[in-house]
Amino acid sequence: RWPEENQLESGRECLLRRVISADGRSRGFINGTAVPLSQLRELGQLLIQIHGQHAHQLLTKPEHQKTLLDGYTGEYALTQRMAEHYRQWHQSCRELALHQQQSQERAARADLLQYQLKELNEFNPLPGEFEQIDEEYKRLANSGQLLSTCQHALTVLADGEEANLQSLLYTAKQLVSELVGMDSKLSGVLDMLEEAAIQLSEASDELRHYHDRLDLDPNRLFELEQRISRQIALARKHQVMPEELPAVYQAMLEEQRLLDDSADSLESLSQQVVEHHQLALETARQLHALRQASADELTQLITESMHSLSMPHGIFAIEVAFDERHLTADGADHIEFRVTTNPGQPLQPIAKVASGGELSRIALAIQVITARKMETPALIFDEVDVGISGPTAAVVGKLLRQLGESTQVMCVTHLPQVAGCGHHHFFVCKETDGEMTETHMQPLDKRARLQELARLLGGSEVTRNTLANAKELLAA
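Using this note's numbering, the first residue of the sequence shown is number 9, and each one after it goes up by one.
In structure tokens:
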């Protein structure tokens, strides 16, 4: 739906492309249409999920553990609601504290507003009034010149006794009319003169109407001058333009109203704090219940996966402890991944007991299991098999292949046991001429794939034994 909503739909395919030039500039394209990189990133996150080689390092961090559990739970709407309810509660707490701290300041501000509003109430500036009376003032102030110039224009147009444009145009029409009688080609000229005569008559009538409506009223001129001067003086006092004074006046009235309601506001804010806290706490309890259920399910699945990854005595557990005293935007849960890899040892935080290799395998198990719950169409595993080899690598390869039956999986690996499990095989290499370096990705056919697996198994030299082993990998 994202391409459709953003008018980037192109049939059943969706092609994302990013072009990075030699000077470092980058351009993004979706279905051939240039888009900002932010849009390319937004759609990419909906289509592709990347599991990196350093996931096992993140696994020891509490915030990442919570992210993994919430991702498996899949209740994104609830986590967003939790964050919103917490934000509302936190905001209402801040407003209440600010309201209480500023009670004295509000009293002083109320006194100042009362003084300032006294003269503004008397003047009562109205929106748009200043521009209107300023225009009227300029017209009255220049009314003498307006009358004189207007009369002169009327004399030239139509009222002149000796000569005016109307009479001259009438004479021209008569002459051209005679010419048309002798040569019809000039009929267009006569039409234009007729049109000019009509427009000249209309212009004269409009100007005469304006002249007759001009009013010389010295009392009105004085009133306007006084009001304009007063508005300019008040605007200067409030450090605004005269046109902005009505808006300032309304804002001060609104502020005064809010200050008058401060007692009611204090009680209302206190009630809001209680209501928002209860709502956030209830949402946190709902989130805790879902997390606990998902943790129980995930605990069993990861423990089983650890057994298949050469940790036969491994036990994995997720502790979800609810503490309403530590309510945050993520809820009120303290989440900790705990593990034991040897019989007889108690469960301890994963960072304290798991070795690097064990962390890698546990991280891979979590990534594969959580990926099954995601609705992301494509998954990329970037060297997630670091620290894994031998039979364990073969198990990892089979896990990824099983995952590939239901979703698109791409895996970057150096392990032949993993590479041999893929449905397709691409060879990635770098080439340089001493000045420029290029990266190439080449799809391998069956023969080339066999050669590459043999190389991964035996090093740079491919032998009959390594080829035989490669065939066994592909046949497995």
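We put the beta carbon where it would ideally sit given N, CA and C, even for glycine.
Query	Result
Secondary structure of GLY60, DSSP reduced to three states	coil
THR41: first and last residue of the uninterrupted beta strand (DSSP E) it sits in	41-43
Contact under 9 Å by Cβ, ASN473 with GLY466	yes
Ranges of the beta strand (DSSP E) found wholly within the region 301-363, counting only runs of at least 3	323-330 and 341-348
Close Cβ partners of HIS284 (< 6 Å) along its chain, the five nearest in sequence each way excluded	GLN96, TRP97 and SER100
Contact set for LYS181: own chain, Cβ-Cβ below 6 Å, skip 5 residues either direction	LEU201
Those residues which DSSP pairs with THR291 across a bridge	Note: THR291 sits in no beta bridge, so no partner.
Collapsed DSSP secondary structure at THR471 in the structure displayed	coil
Other residues of its chain near VAL256: CB distance less than 6 Å, five sequence neighbours each side excluded	HIS246 and VAL248
Nearest-angstrom Cα separation, counted from ASP393 out to PRO387	It is worth fixing the name first, because residue 387 is Leu in this sequence and not Pro. If you take the alpha carbons of LEU387 and ASP393, they lie about 15 Å apart.
Whether ILE38 touches GLN47 by CB criterion (9 Å)	yes
3-residue-minimum beta strand (DSSP E) runs that sit fully inside the region 95-128, ordered along the chain	none
From GLN294, GLU214, LEU274 and GLU144, residue whose alpha carbon lies closest to that of GLN110	LEU274
Exposure of GLN207, with buried meaning 16 or more beta-carbon neighbours within 10 Å	exposed
Integer-rounded CB distance, given that ALA462 should sit under 8 Å from LEU475	5 Å
Helix, strand or coil at GLN416 according to DSSP, with G and I counted as helix	strand
Reduced DSSP category for GLY52 - H, G, I as helix; E, B as strand; rest coil	helix
Backbone secondary structure at GLN280 - three-state DSSP	helix
CB of PRO357 within 9 Å of CB of GLU366, strictly	no
Cutoff 6 Å; reference MET449; Cβ partners in own chain excluding five residues on either side	PHE434 and VAL436
C-alpha gap between GLN410 and GLN416, whole angstroms	11 Å
Element boundaries [beta strand (DSSP E), containing GLY136]	From DSSP, GLY136 is part of no beta strand (DSSP E); its letter is neither H nor E.
Beta-carbon gap between LEU458 and LYS479 smaller than 9 Å	yes
Candidates MET90, SER368 and ALA301: closest to GLY395 by CA position	SER368
CYS437 - partner residues in DSSP beta bridges	HIS448
Residues bridged to ALA386 (per DSSP)	ILE56 and GLN416
Bounding residues of the beta strand (DSSP E) (the contiguous stretch that carries LEU24)	24-28
Cβ contact check for the region 316-330 and the region 129-143: 3 or more pairs under 8 Å	no
Close Cβ partners of GLN108 (< 8 Å) along its chain, the five nearest in sequence each way excluded	LEU274
Alpha carbon of SER302 to alpha carbon of HIS72, nearest angstrom	16 Å
Identity of the residues DSSP links to PHE37 by a beta bridge	ARG25 and ALA42
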